[in-house]
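Novice: Can you read through this structure? Questions will come right after.
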Amino acid sequence: MKMNKFVTVFFAAVLALSFAGCKKNQNSKTESEAEKQKIKVVATIFPEYDWVKNLIEGSDSFELELLVKNGTDLHSYQPSTADIVKIASSDLFIYVGGESDSWVSQVIKNSNNKNQFTVNLMEILAQNVKEEETVEGMQSHEENDGHEDEIEYDEHVWLSVKNAKTAVTKIAEYLEVLDLANSSVYAKNLQNYLEKLDSLSEIAVELSQKNDFSSKPLIFCDRFPFRYMTDELGAKYFAAFSGCSAETEASFETVAFLSKKVQEFEEPKVFVTENSDKKIAKTVIKNAGFDGKCEIFVIDSMQSTTFEQIKAGKNYIDVMKENYEKLNFLGKE
Numbered sequence: 294m295k296m297n298k299f300v301t302v303f304f305a306a307v308l309a310l311s312f313a314g315c316k317k318n319q320n321s322k323t324e325s326e327a328e329k330q331k332i333k334v335v336a337t338i339f340p341e342y343d344w345v346k347n348l349i350e351g352s353d354s355f356e357l358e359l360l361v362k363n364g365t366d367l368h369s370y371q372p373s374t375a376d377i378v379k380i381a382s383s384d385l386f387i388y389v390g391g392e393s394d395s396w397v398s399q400v401i402k403n404s405n406n407k408n409q410f411t412v413n414l415m416e417i418l419a420q421n422v423k424e425e426e427t428v429e430g431m432q433s434h435e436e437n438d439g440h441e442d443e444i445e446y447d448e449h450v451w452l453s454v455k456n457a458k459t460a461v462t463k464i465a466e467y468l469e470v471l472d473l474a475n476s477s478v479y480a481k482n483l484q485n486y487l488e489k490l491d492s493l494s495e496i497a498v499e500l501s502q503k504n505d506f507s508s509k510p511l512i513f514c515d516r517f518p519f520r521y522m523t524d525e526l527g528a529k530y531f532a533a534f535s536g537c538s539a540e541t542e543a544s545f546e547t548v549a550f551l552s553k554k555v556q557e558f559e560e561p562k563v564f565v566t567e568n569s570d571k572k573i574a575k576t577v578i579k580n581a582g583f584d585g586k587c588e589i590f591v592i593d594s595m596q597s598t599t600f601e602q603i604k605a606g607k608n609y610i611d612v613m614k615e616n617y618e619k620l621n622f623l624g625k626e
């Protein structure tokens with residue numbers, strides 16, 4: 294059903310592009326030759342968008358567009374006709390490249406924009422991409438598409454600061470090629486942003502040294518899209534579901550397991566992702582006997598950020614800092 298809907302939208306986009314091309318030809322003679330065309334960059338999710346926003350600061354050469362911006366989760370997003378038109382007409386298209394972006398290949402393949410550059414995060418981060426894992430107590434998600442034996446890769450690569458450094462460096466290279474006249478601006482912005490990412494890495498190292506994550510694991514009563522982050526921290530975790538799972542109802546066994554883990558703490562705290570209804574977390578806490586005595590922390594995976602949040606000042610660096618601060622609760626004396 295999901296693919297059929299995409300095919301319908303895709304062909305509608307092809308027609309829209311055809312009409313747009315005709316209209317452009319008709320209006321070309323009336324357009325001012327002195328008018329400078331903006332270089333168009335389209336990003337699928339917020340982290341990519343924010344990286345580019347920082348890299349092009351001080352330049353008016355670019356027009357930056359974010360696709361997933363109304364609170365829709367990355368895993369359930371499907372492009373509209375307007376989105377496909379934006380992608381096809383962009384000079385640089387940045388996307389994650391995981392299972393949730395399975396629709397991208399068809400869009401790029403059928404695009405008439407042969408001068409377009411694309412950045413596939415999972416492709417440029419190939420050596421650092423991790424397989425999905427099922428840890429003890431985690432509820433396995435069922436596969437009904439006949440691909441049970443295929444390896445599933447964790448697509449939440451942006452939650453690794455190391456990966457972010459690689460990604461922004463590659464994106465900056467494309468920006469410099471697209472606007473050679475201002476390449477020094479992007480090179481300088483890249484260095485400034487890499488310094489901010491280095492500061493994040495230092496916070497992560499300090500957090501890891503201060504907290505005994507190996508013997509006191511993090512308990513996520515939700516999906517777990519944070520493996521890249523916790524691996525950099527050397528943190529052990531337990532969770533209800535894997536990061537890409539579509540499950541929302543935890544089994545009795547999963548709830549019982551997580552409740553038992555909560556009971557191992559004198560002052561337990563549990564974690565959920567943004568947009569969680571916290572039902573599973575509250576059930577786990579109640580079953581563990583800590584109702585009203587266990588705080589629930591929200592860790593932001595940045596895969597369903599709204600444009601309103603961005604306009605209010607939300608940015609990648611601050612979100613990562615806030616995530617680290619919330620994880621810093623097992624400090625050694």
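Position 293 (the sequence shown) corresponds to 586 in my numbering; numbering is contiguous. In this text, a Cβ means the ideal position worked out from N, Cα and C, and glycines have one as well.
Below 8 Å, can you find three or more Cβ-Cβ pairs linking the segment 494 to 502 to the segment 469 to 479?
Specialist: In the pairwise beta carbon analysis, the segment 494 to 502 is classified as not touching the segment 469 to 479: fewer than three pairs are separated by under 8 Å.
Novice: Would DSSP call A532 helix, strand or coil?
Specialist: Residue numbering aside, residue 532 sits at position 239 when the sequence shown is read from its first letter. A532: strand per DSSP, three-state reduction.
Novice: What does a CB cutoff of less than 6 Å around T523 pick up in its chain, not counting 5 residues either side in sequence?
Specialist: What you label residue 523 is simply residue 230 of the sequence shown in a count that begins at 1. Within the same chain, T523 has close Cβ partners Y530.
Novice: Using the Cα positions of T337 and V428, report the straight-line distance between them to the nearest angstrom.
Specialist: Start at 1 with the first residue of the sequence shown, and residue 337 comes out as number 44. Start at 1 with the first residue of the sequence shown, and residue 428 comes out as number 135. C-alpha separation (whole angstroms): 29 Å.
Novice: Can at least three beta-carbon pairs, one atom from the segment 497 to 516 and one from the segment 600 to 611, be found at a separation below 8 Å?
Specialist: No, because fewer than three Cβ pairs between the segment 497 to 516 and the segment 600 to 611 fall closer than 8 Å, the two stretches do not touch.
Novice: Note the first and the last residue of the continuous alpha helix (DSSP H) segment covering T411.
Specialist: Here residue 411 refers to the residue found at position 118 of the sequence shown. Element bounds for T411: not the alpha helix (DSSP H) but the beta strand (DSSP E), F410 to N413.
Novice: What do you get for N504, buried or exposed, if any count of 16 or more other CB atoms within 10 angstroms of its CB means buried?
Specialist: Position 211 of the sequence shown, counted from the first residue, corresponds to residue 504. By the 10 Å Cβ count, N504 comes out buried.
Novice: Output yes or no for whether 8 Å exceeds the beta carbon distance between L526 and A460.
Specialist: Within the sequence shown, the letter at position 233 stands for residue 526. Within the sequence shown, the letter at position 167 stands for residue 460. No. Outside cutoff.
Novice: Terminal residues of the continuous alpha helix (DSSP H) containing K489?
Specialist: The residue labelled residue 489 in the question sits at position 196 within the sequence shown. Start and end: S476 to K503.
Novice: E333: buried (16+ other C-beta within 10 angstroms of its C-beta) or exposed?
Specialist: On the sequence shown, residue 333 is found 40 positions in, with the first residue counted as 1. With the sequence shown as reference, residue 333 is identified as Lys, and Glu is not the correct amino acid for it. By the neighbour-count rule (16 or more Cβ atoms within 10 Å), K333 is buried.
Novice: Express the C-alpha separation of E445 and L468 in angstroms, rounding to a whole number.
Specialist: Your numbering for residue 468 matches position 175 in the sequence shown. Your numbering for residue 445 matches position 152 in the sequence shown. Cα to Cα, the separation comes out at about 31 Å.
Novice: Is E470 buried or exposed, if buried means 16 or more other CB atoms sit within 10 Å of its CB?
Specialist: By 1-based counting over the sequence shown, the position of residue 470 is 177. It is Val, not Glu, that sits at residue 470 in the sequence shown. Exposed: under 16 other Cβ atoms inside 10 Å.
Novice: Here's a check: name, in chain order, each residue in its chain whose Cβ is nearer than 8 Å to the Cβ of E615, leaving out the five neighbours to either side.
Specialist: As a position in the sequence shown, residue 615 is number 322, starting the count at 1. Contacts found: D593.
Novice: Along the alpha helix (DSSP H) that carries E525, what are the first and last residues, could you check?
Specialist: Counting from one through the sequence shown, the residue named residue 525 turns up at place 232. Residues R520 to L526.
Novice: Is L471 helix, strand or coil by DSSP?
Specialist: The sequence position of residue 471 within the sequence shown is 178, counting from 1. Reduced to three states, the DSSP call for L471 is helix.
Novice: Along the chain, where does the beta strand (DSSP E) that runs through K562 open and close?
Specialist: By one-based count along the sequence shown, residue 562 stands at place 269. Residues K562 to T566.
Novice: So for N347, helix, strand or coil by DSSP?
Specialist: As a working mapping, residue 347 is identified with position 54 in the sequence shown. Look at N347 here: in three-state DSSP terms it is helix.
Novice: Please determine, among S398, C587, L418 and D447, the residue with the shortest C-alpha to C-alpha distance to E426.
Specialist: Here residue 426 is taken as the residue at index 133 of the sequence shown, counted from 1. Taking only the C-alpha atoms, the option nearest E426 is D447.
Novice: Would I349 and K489 qualify as a contact pair, given that the criterion is a beta-carbon distance under 8 Å?
Specialist: Counting from one through the sequence shown, the residue named residue 349 turns up at place 56. Counting from one through the sequence shown, the residue named residue 489 turns up at place 196. No; because the gap between Cβ atoms is not below 8 Å, this pair is not in contact.
Novice: Kindly give me the distance between the Cβ atoms of L359 and F339, rounded to whole angstroms, as I take these residues to be in contact under 8 Å.
Specialist: Taking the first residue of the sequence shown as 1, we reach residue 359 at position 66. Taking the first residue of the sequence shown as 1, we reach residue 339 at position 46. Contact holds; Cβ gap of about 7 Å.
Novice: Return the CA-CA distance between W344 and E601, expressed in angstroms with no decimal places.
Specialist: In the sequence shown, residue 344 corresponds to position 51, counting from 1. In the sequence shown, residue 601 corresponds to position 308, counting from 1. A straight line joining the alpha-carbon of W344 with that of E601 spans about 18 Å.
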